[in-house]
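**Q** I have a structure here, written as structure tokens, and I will follow up with some questions on it.
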Amino acid sequence: MQSEYLGSLRTQSKHLKSGEVVMSDAPVDNNGKGEAFSPTDLVSSALCSCMMTIMGILAAREDIDLRGLKANITKVMDSNPRKISEIRIDFSGDINATDIQKGKLQKAALNCPVALSLADSVSQKISFNF
Numbered sequence: 003m004q005s006e007y008l009g010s011l012r013t014q015s016k017h018l019k020s021g022e023v024v025m026s027d028a029p030v031d032n033n034g035k036g037e038a039f040s041p042t043d044l045v046s047s048a049l050c051s052c053m054m055t056i057m058g059i060l061a062a063r064e065d066i067d068l069r070g071l072k073a074n075i076t077k078v079m080d081s082n083p084r085k086i087s088e089i090r091i092d093f094s095g096d097i098n099a100t101d102i103q104k105g106k107l108q109k110a111a112l113n114c115p116v117a118l119s120l121a122d123s124v125s126q127k128i129s130f131n132f
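Written out as structure tokens, the structure reads:
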């Protein structure tokens with residue numbers, strides 16, 4: 003990966019292998035324009051994406067189709083110091099899986115690398131409605 007500060011509180015990060023680019027912008031409540039994901043938005047989105055990816059790996063092994071799985075993400079910020087205090091992710095979808103498989107999916111998600119990498123001070127409230 004490669005990142006560059008573009009000025010006006012905006013950054014650009016490039017994935018070298020694929021060439022994909024992600025922009026970030028400071029939020030309006032922190033001197034930015036809010037025209038792109040903020041860095042803390044990206045952290046919250048990364049947590050959700052990681053959970054979905056790890057569930058996808060398990061789903062492939064268990065022959066479960068996860069297409070259509072959706073999530074709503076809510077990020078809660080503290081002000082002093084300014085940091086993420088809570089990330090809420092509400093998964094939903096019509097998943098054709100047994101209760102045992104659904105339990106495995108939940109366990110996999112809760113133990114994804116990003117979830118395990120976040121500080122204990124970041125509350126992760128995850129709900130599974132599938």
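Counting from 1, position 30 in the sequence shown corresponds to residue 32 in the working numbering; the numbering is continuous, with no gaps.
Glycine residues also receive a C-beta, built at the ideal position from the N, C-alpha and C atoms.
The beta strand (DSSP E) with Thr76 in it runs from where to where?
**A** Taking the first residue of the sequence shown as position 1, residue 76 is located at position 74. Counting along the chain, the beta strand (DSSP E) containing Thr76 begins and ends at 72-81.
**Q** Taking the straight line between their C-alpha atoms, what separation do you get for Ala110 and Ser119?
**A** In the sequence shown, the residue the question calls residue 110 occupies position 108. In the sequence shown, the residue the question calls residue 119 occupies position 117. Their Cα atoms are separated by approximately 15 Å.
**Q** Closer than 8 Å is the cut-off here; do at least three beta carbon pairs connect the segment 97-115 with the segment 78-88?
**A** no
**Q** Mind checking which residues open and close the alpha helix (DSSP H) that includes Val30?
**A** Along the sequence shown, one-based indexing puts residue 30 at 28. Counting along the chain, Val30 falls outside any alpha helix (DSSP H), and DSSP gives it neither H nor E.
**Q** Tell me the DSSP secondary structure of Val116 in three-state form.
**A** By one-based count along the sequence shown, residue 116 stands at place 114. Note: Val116 maps to helix in three-state DSSP.
**Q** When DSSP labels each residue in this structure, what does Thr42 get in the three-state scheme?
**A** Counting from 1 along the sequence shown, the entry for residue 42 is found at position 40. Correct three-state label for Thr42: helix.
**Q** The beta strand (DSSP E) that contains Thr13, what's its start and end?
**A** Against the sequence shown, residue 13 aligns to sequence position 11. Start and end: 12-16.
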